[in-house]
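Undergrad:
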Amino acid sequence: MNTGDPRRIGPYEVLGRLGAGGQGTVYLARGEAGRVAIKVIHAQGAADPRARRRFADEVSMASRVPRAYTAMIIDAAIDRDQPYIVSEYVEGPSLQELVETHGPLSGSALERLATYTATALAAIHGAGVVHRDLKPANVIVGPDGPRVVDFGIARALEATAAMTTPVGTPAYLAPEQVGGADAEVGPPVDVHAWAATVYFAATGKALFAGSNVAFIINRVLNETPDLRVISEPLRSLIADCLAKDPARRPAAMDLLGRLVGHQSETTQQTMPRTVILPATLGTLKETTTLGSGPAADIVIHGTGIAPAHATVRRVSAGYRLHDHSGGLGTFIDGRPVLYATLRPGDRFRVGTALLHLTEEGELEHVRFSRMSPALWWLLLLVAAVALAAVVVVVTG
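For what it's worth, the working numbering labels the leading residue of the sequence shown as 44, then goes sequentially.
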């Protein structure tokens, strides 16, 4: 910690400094629920009561974003000289640090990065939030995959400061963010930033680099970048996302759908047409953790399953399931659930794995015959959409 750093922020014990920038300082802290990241915002303009109310509204909206490859906002304080925002702490390097240290991503690693960050954008936009500052430094590569952080904070900052320059990092801004105060800034700016972020992941270079801000902004407004270093079909998708006209860029859900469709095609030759899954996975105990990680009581393999995906507890009426996944959620009869009561004979889906609860309290993986790769990826897409929708409804 630096001299002058606080020992406590509200009810949180400060453990160290994670970083600092033009928007504020980020601290690692400990609260009742464990370790968190706290961003203490610079106090410019925070004395305006109207600005504070807008700040509260923006943070409240951002807190509705589901934990689908994002870091959830947990708490915020607006009644301080320096407001702060508390979010889930994701341990790991930023995409910026990862690429600078180990080099660009390629192949399946690049495709996963592109898909996970697009999933995060779909969840963020589904909650009515625009990130406005998506960039490699705001993608944390955690143990369960990439997570997008700092969403919703850029707009909240506009509420607490008299901004004379656009919020965001110049090389990752969309043309409408730098083209004048009258331009409408909405979800398409994040799609543009997604493309620039994936380009950096693939090349290790900023898409619109320059020696000064004015030169970078001129490139953003007028230059059509050379994307030949990116392989198809990702190259065409990035090009569409970089359209100067925001109306011509795909929405985040369309972007995700195109990514998923591409991956189902590229895996067509490598995935078996007939999928045979093991029958019995394990027997439920008084309390059983389901997930893909080694610490889970019952390990389940499949797409979109978090290391500790859900907990099942025995109750008088059967079993009580609590979904706390960072993956694709848990589904019964095609509907996403956060809590549910399970009884013998019930079927439910964890990620893309369909499970059956037997009369003996055993969990079985349901067999599929001739399950096509396209169907697996369709399940992934539907699950991502449904998870974003249900959490907004539950918390709204």
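Each residue gets a CB set at the ideal place from its N, CA and C atoms; glycine is no exception.
(1) Compare the C-alpha of V303 against each of S103, Y159 and G222 and name the closest.
(2) Ignore the nearest five residues each way along the sequence and tell me which others in E375's own chain have a CB closer than 6 Å to its CB.
(3) How big is the Cα-Cα spacing for A236 and M104?
(4) Helix, strand or coil, according to DSSP, for F251 in the structure here?
(5) Cα separation between R386 and T346?
(6) For Y55, report the span of its alpha helix (DSSP H) as first-last.
(7) Based on Cα-Cα distance, which residue from G77, E402, E403 and G334 lies nearest to V393?
(8) From E75 to I81, what does the alpha carbon distance come to, in whole angstroms?
(9) Tell me which residues share the same chain as E143 and place their Cβ nearer than 8 Å to its Cβ, disregarding the 5 neighbours each side in the sequence.
(10) When the Cα atoms are used, what is the spatial distance from T401 to D389?
(11) Alpha carbon to alpha carbon, how far is D366 from P337?
(12) Taking all protein chains shown into account, do 16 or more other C-beta atoms lie within 10 angstroms of the C-beta of F258, making it buried, or fewer, making it exposed?
(13) Flag this pair as yes or no: are the beta carbons of L327 and H408 separated by less than 8 Å?
(14) Give me the Cβ distance between A217 and P231, rounded to the nearest whole Å; I'm assuming they're in contact under 8 Å.
(15) Taking C-alpha atoms, which residue in I52, A353 and V83 lies nearest to G62?
(16) To the nearest angstrom, report how far apart E134 and D187 are at their CA atoms.
(17) So if DSSP puts V380 in a beta bridge, which residue, or which two residues, is it bridged to?
(18) Below 8 Å, can you find three or more Cβ-Cβ pairs linking the stretch 166–174 to the stretch 266–276?
(19) For the candidate residues E329, A349 and A339, whose alpha-carbon lies nearest to that of G361?
(20) Residues bridged to V355 by DSSP?
(21) Between Y112 and A163, which are expected to be in contact by the criterion C-beta below 8 Å, what is the C-beta distance as a whole number of angstroms?
(22) Would you mind reading off the limits of the alpha helix (DSSP H) that contains D233?
(23) Please name the residue, chosen from V69, T354, H344 and G404, that lies closest to T395 on a Cα-to-Cα basis.
(24) Pull up the distance between the alpha-carbon of F251 and that of P109, whole angstroms please.
(25) Shortest alpha-carbon distance to D193 belongs to which of A245, A157 and V69?
(26) Just to confirm, are T354 and I341 a CB contact at a threshold of 8 Å?
(27) How far does the beta strand (DSSP E) with R407 in it reach, from first residue to last?
(28) Hey, out of V241, V256 and T373, whose CA is closest to A152's CA?
(29) Alpha carbon to alpha carbon, how far is Y55 from A282?
(30) Consult DSSP for S412 and reduce its assignment to one of helix, strand or coil.
(31) When we look at the beta-carbon of G146 and count the other beta-carbons within 10 Å, is it buried (16 or more) or exposed?
TA: So, from the data block:
(1) Of S103, Y159 and G222, the residue nearest in Cα terms is Y159.
(2) According to the sequence shown, residue 375 is Ile rather than Glu. Within its own chain, the residues whose Cβ lies closer than 6 Å to the Cβ of I375, once the five positions on either side in sequence are excluded, are A383 and F391, listed in chain order.
(3) It is roughly 21 Å from the alpha-carbon of A236 to the alpha-carbon of M104.
(4) If DSSP states are grouped into helix, strand and coil, F251 belongs with coil.
(5) One Cα belongs to R386, the other to T346, and the distance between them is close to 25 Å.
(6) Per DSSP, Y55 belongs to no alpha helix (DSSP H); it is in the beta strand (DSSP E), Y55 to A63.
(7) Measuring from the Cα of V393, the nearest candidate turns out to be G334.
(8) For the pair E75 and I81, the Cα-to-Cα distance works out to about 14 Å.
(9) The residues G247, in chain order, have a CB closer than 8 Å to that of E143 in the same chain once the five nearest residues on each side in sequence are set aside.
(10) Rounded to the nearest angstrom, the two C-alpha atoms are 8 Å apart.
(11) D366 and P337: Cα-Cα distance of roughly 18 Å.
(12) Counting the other Cβ atoms within 10 Å of the Cβ of F258 gives fewer than 16, which makes it exposed.
(13) Taking 8 Å as the Cβ cut-off, L327 and H408 do not qualify as a contacting pair.
(14) The C-beta distance from A217 to P231 rounds to 7 Å, short enough to fall under 8 Å.
(15) Measuring from the Cα of G62, the nearest candidate turns out to be V83.
(16) C-alpha separation (whole angstroms): 10 Å.
(17) As DSSP reads the structure, V380 sits in a beta bridge with T373.
(18) With a cut-off of 8 Å, the stretch 266–276 and the stretch 166–174 do not count as touching, because too few Cβ pairs lie within range.
(19) If we check each option's Cα against that of G361, E329 comes out closest.
(20) The beta-bridge partner set that DSSP reports for V355 consists of T331 and L364.
(21) 4 Å between Cβ atoms; contact.
(22) First-last of the alpha helix (DSSP H) with D233: P231 to T246.
(23) Nearest in C-alpha terms to T395, of all of V69, T354, H344 and G404, is H344.
(24) Looking at the two C-alpha atoms, the distance is approximately 31 Å.
(25) The shortest Cα separation from D193 among A245, A157 and V69 belongs to V69.
(26) Against a cut-off of 8 Å, the Cβ pair of I341 and T354 comes out as no contact.
(27) Residue identity check: residue 407 is Glu in the sequence provided, not Arg. Unbroken beta strand (DSSP E) run through E407: E405 to H408.
(28) The option with the nearest alpha carbon to A152 is V241.
(29) So the alpha carbons of these two residues sit roughly 44 Å apart.
(30) Note that S412 scores 46 on pLDDT, short of 50, meaning its location in the model is unreliable; the coordinates nonetheless yield the value given after this. It is coil, neither helix nor strand.
(31) G146 counts as exposed, since fewer than 16 other beta carbons sit within 10 angstroms of its beta carbon.
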